[in-house]
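Structure, as structure tokens:
Residue numbers (my numbering): 638 to 985.
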């Protein structure tokens with residue numbers, strides 16, 4: 638392994654990328670905390686439209702970040718979040734398990750093992766991560782656990798409140814489709830989009846904080862389905878399950894790759910919050926849902942400092958206090974889309 642001009646060691650990976658480590662083995666004891674590693678590669682991305690500056694010593698990390706956020710444009714003039722990702726020179730070691738998440742006050746940790754982890758300072762909107770080369774080469778793994786997850790943690794402590802919900806829009810009326818895992822959020826959102834609605838997000842939506850405008854943003858360029866969804870939508874036939882180290886098996890695809898004319902948007906102003914209750918009962922109905930019950934269901938995902946949680950709760954209360962809240966009991970997708978469509982028709 639020949640040295641480069643700055644005295645670092647180059648480690649070439651199997652995919653053709655290069656991992657740069659400034660401190661060679663001989664200098665390891667001089668930089669026990671790896672604070673002197675030169676994270677000389679920098680690029681600013683805009684997940685959900687918010688600026689995030691990524692600094693790293695590996696082109697592989699920037700390439701993975703482009704896959705996750707390269708399609709987003711700048712939408713908000715706010716201070717940038719910061720993420721530093723170092724890739725070590727260690728060439729041995731097994732592939733790590735998915736990280737365990739722990740949080741206390743303003744600190745949040747995602748730890749797979751001693752060599753693969755991320756630490757987030759939610760107060761400073763800053764995170765740093767160290768990964769081994771064997772981990773960095775698995776793009777799906779690092780995107781899911783160490784890029785997307787970290788970025789969303791920083792965003793949720795600074796600018797948005799995360800909700801486990803899909804988002805669609807019919808004309809100017811926005812819908813949040815909430816529910817437990819398996820309730821059919823992504824499938825119903827896609828069914829609405831195929832029927833001419835505007836698609837905003839599949840199962841993760843984000844309320845803008847510090848505003849009463851009820852604006853939600855989402856990743857409108859991607860959608861994730863359970864494998865069983867291929868029986869509902871012909872567009873999914875032949876698409877394999879996305880490789881992932883953990884979590885439920887899923888099919889994750891860019892919207893533009895589906896041979897369907899889908900209209901998308903980065904945001905929606907929410908008028909309806911609908912909790913999905915997919916069941917086998919012959920009865921299908923849309924009924925009012927209590928505000929207090931909706932609040933309890935959505936509050937459980939809040940995290941961060943007390944001040945951050947209060948800000949997130951305030952965003953939820955502002956949303957729920959000025960929207961129509963329902964429970965949709967259904968088993969037929971076509972009926973569900975038609976019933977939601979009727980809400981808009983009744984409104985107009």
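The beta-carbon is built from N, C-alpha and C at its ideal position, and this holds for glycine as well.
None of the values given here were measured: they were computed from a predicted structure.
In the DSSP assignment, residue 925 is bridged to 963. Residue pairing of residue 861 in beta bridges, as defined by DSSP: 889. Distance between residue 862 and residue 689, taken at the CA atoms: about 28 Å. Selection 775, 952 and 963 evaluated against residue 930 yields 963 as nearest (Cα-Cα). Note on the region 817-878: whole beta strand (DSSP E) runs with a minimum of 3 residues are 835-838, 842-845, 852-855 and 859-862, in chain order.
One thing to note: residue 866 has its Cβ within 8 Å of the Cβ of residue 824. Of the candidates 780, 887, 936 and 948, 887 places its Cα closest to the Cα of residue 878. Residue 851 and residue 959 do touch by the CB rule: their CB atoms are close to 6 Å apart, below 8 Å. Positions of the alpha helix (DSSP H) runs, each at least 4 residues long and wholly inside the region 691-747, are given as 696-706 in order along the chain.
Between residue 732 and residue 715, the C-beta gap is not smaller than 8 Å, which leaves the two residues out of contact.
Put simply, the backbone Cα of residue 956 is about 18 Å away from that of residue 980. Taken in chain order, the whole beta strand (DSSP E) runs of length 3 or more contained in the region 746-797 are 753-758 and 763-768. With 16 or more other Cβ atoms inside 10 Å of its own Cβ, residue 684 counts as buried.
In chain order, 966 place their CB closer than 8 Å to the CB of residue 920, counting only its own chain and leaving out the 5 sequence neighbours on each side.
In the structure shown, residue 973 adopts helical secondary structure according to DSSP, grouped into three states. In summary, residue 969 is exposed, with fewer than 16 beta-carbon neighbours lying within 10 Å of its beta-carbon over all protein chains present. Counted as a single uninterrupted DSSP element, the alpha helix (DSSP H) harbouring residue 953 occupies residues 943-957. By the C-beta density criterion, residue 857 is buried, having at least 16 other C-beta atoms within 10 angstroms.
Under DSSP, the beta-bridge partners assigned to residue 904 are 854. In the structure shown, the three-state DSSP call for residue 936 is helix. The alpha-carbon separation between residue 814 and residue 822 amounts to approximately 6 Å. In the DSSP assignment, the residues bridged to residue 680 are 691.
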